[in-house]
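Peer 1: This is the structure I want to talk about, given as structure tokens.
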Amino acid sequence: MRAIIPVAGHGTRLEPHTLTLQKCLLPVAGKPVLEHILDRITNAGITDVTLITGHLGEQVVEFCTSYPDANFTFVEQKERLGLGHAIYQGLDSVKDPLLIVLGDSIFELDYNRFLSCPNSTIGVAPVPDPKRFGIVELTEDRISNVWEKPDNPPSNLALIGIYYISSQLELSMGIEHLIKHDIRTKNEYQLTDAFQVMIDKGHIFNAFEIDECLDCGIPETLLSTNKTLLTRMEGNSVHDSAVITNSQIKNCTISENCLIKNSQLENVIVLRGGEVINQKIKNTIVGFDEIFNLAQTEELEL
Ligand code: G1P
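Per our numbering, the very first residue in the sequence shown carries number 5; after that it's consecutive.
Following this line, the structure appears as structure tokens:
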């Protein structure tokens, strides 16, 4: 089976860091978000991976050359016309099944069970803010309707960003229908709307509750994911080239060429070349080559 991972977005909510690094390559618990995703899907036996690239796509290509466990293909999304349009770029007109994983979350679940579902299956989870998500309506274990970011959500069960599609061909036809009839939501061709087209034509979708969704899309969630994963690893992740002197660090990701001196850091991600000297900081991302000055940066509430 093949997987498609769309990683084309600008990651505006993680600027300024994403102005120079593609969002999916930001480090969390010592390695890029994309590497965490790839580790999970290759462990489940998927080695053919298509990445839909866009903003800073060349960085994604370069990262993949050093990832040994998968065969990659890259497709560039030249126009930003929505998630449905992005996925369409990577589909084949064959009836084979497909896994789609969005590139800004790390999902914890039994992948083997998810991938052996008899029907197309959408990963779902209850969310506190359903207007920000695609939402499903269930009739027993079947999905009867889906909506993309509805104003009046009929449930709080969200499409969380992982999808098993039993036939690429049917998904391809669903998205083609949107494009042909110019059906857009929020001005974009939505994957969620393509699922509704498929449901209306009789395609069966089941829902699969995801154990844990470790979001990496905004500073607060990138940091809470860093903390969750490092707590499980019982430690910090410190690059060999980083120098730490006279400092205490807890649940920190310290990248290459960083300097930490006379400081106390808790749940901090220090990006390449960052320096923290004479500081006590918590729940913070220190940017590339940034010389951290507490007066300029707010601590985040997690
Ligand atoms: C996308 C999908 C949405 C889904 C969400 C999960 O939205 O369009 O249906 O619920 O991912 O994160 P985005 O977050 O890209 O706006």
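Yeah, the Cβ is synthetic: ideal placement off N, Cα and C, and Gly gets one too.
Going by C-alpha to C-alpha distance, which of Val98, Asn261 and Thr232 sits closest to Lys254?
Peer 2: Minimum Cα distance to Lys254 is reached at Thr232.
Peer 1: Name the one or two DSSP bridge partners that Pro223 has.
Peer 2: Answer by DSSP bridge pairing: none, since Pro223 is not bridged.
Peer 1: Within the same chain, show all residues whose beta-carbon is closer than 7 angstroms to that of Ile169, passing over the 5 residues directly before and after it, in chain order.
Peer 2: Hits under 7 angstroms: Pro101, Leu102, Ile104, Ser124 and Leu175.
Peer 1: In the DSSP assignment, what residue or residues form a beta bridge with Tyr168?
Peer 2: Note: Tyr168 sits in a beta bridge opposite Leu103 and Thr125.
Peer 1: Express the C-alpha separation of Ile222 and Thr301 in angstroms, rounding to a whole number.
Peer 2: Low per-residue confidence applies at Thr301: pLDDT is 49, beneath 50, and the placement is therefore not dependable enough to give any value.
Peer 1: Any heavy atom of the ligand G1P closer than 7 angstroms to the CB of Phe137?
Peer 2: At least one heavy atom of the ligand G1P is nearer than 7 angstroms to the Cβ of Phe137, so yes.
Peer 1: Starting from the C-beta of Ala7, find all residues in its chain whose C-beta is less than 8 angstroms away, skip the five residues before and the five after it, and write them out in chain order.
Peer 2: Answer for Ala7: Ile45, Ile50, Asp52, Val53, Thr54, Leu102, Leu103, Ile104 and Val105, listed in chain order.
Peer 1: Per DSSP, Gly138 forms a beta bridge with which residues?
Peer 2: DSSP, once it has assigned bridges, lists Glu152 and Leu163 as partnering Gly138.
Peer 1: Skipping 5 residues on each side, what residues in its chain have a beta carbon closer than 7 angstroms to that of Glu80?
Peer 2: Around Glu80: Thr57, Gly58 and Gly61.
Peer 1: Take the Cβ of Gly206 as the centre, count every other Cβ of all protein chains shown within 10 Å, and call the residue buried at 16 or more, exposed below.
Peer 2: The residue in question, Gly206, is exposed, as its Cβ has fewer than 16 Cβ neighbours within 10 Å.
Peer 1: Might you give, ordered along the chain, the residues of its own chain that have their beta carbon closer than 6 angstroms to the beta carbon of Ile214, omitting 5 neighbours on each side?
Peer 2: Excluding residues within five positions, the ones whose Cβ falls inside 6 angstroms are Phe111, Leu113, Gly127, Ala129 and Ile164.
Peer 1: Per DSSP, Ile187 is paired with what?
Peer 2: Paired residues: none, contrary to the question.
Peer 1: For Ile295, count neighbouring Cβ atoms within 10 angstroms of its own Cβ and tell me buried if that reaches 16, exposed if not.
Peer 2: So Ile295 ends up on the exposed side.
Peer 1: For Gly99, which residues of its own chain have a beta-carbon under 6 angstroms away from its beta-carbon, when the five flanking residues on both sides are left out?
Peer 2: Note that residue 99 is Lys in the sequence shown, not Gly. Excluding positions up to five away in sequence, the list reads Ser171 and Leu173.
Peer 1: Once you ignore the five residues that flank Asn47 on each side, which residues in its own chain have a CB closer than 8 angstroms to its CB?
Peer 2: Closer than 8 angstroms at Cβ, skipping near neighbours: Tyr115.
Peer 1: Buried or exposed for Lys27, going by 16 or more other Cβ atoms inside 10 Å?
Peer 2: So Lys27 ends up on the buried side.
Peer 1: Got a sec? Which residues, its chain only, sit under 6 angstroms from Ser267 by beta carbon, not counting five neighbours each side?
Peer 2: So the list reads Ser251, Val280 and Gln283, once near-sequence residues are dropped.
Peer 1: Could you name each continuous beta strand (DSSP E) segment of 3 residues or more that falls completely within the segment 59-90, going from the start of the chain to the end?
Peer 2: Correct list: 75-80.
Peer 1: Would you grab the beta carbon distance between Leu195 and Leu42 for me? Rounded to a whole angstrom, and I think it's under 8 angstroms.
Peer 2: With 8 angstroms as the limit, Leu195 and Leu42 do not qualify as a contact, their Cβ atoms being about 21 angstroms apart.
Peer 1: Tell whether a beta-carbon distance below 8 angstroms holds between Gln200 and Val247.
Peer 2: Not closer than 8 angstroms, so no.
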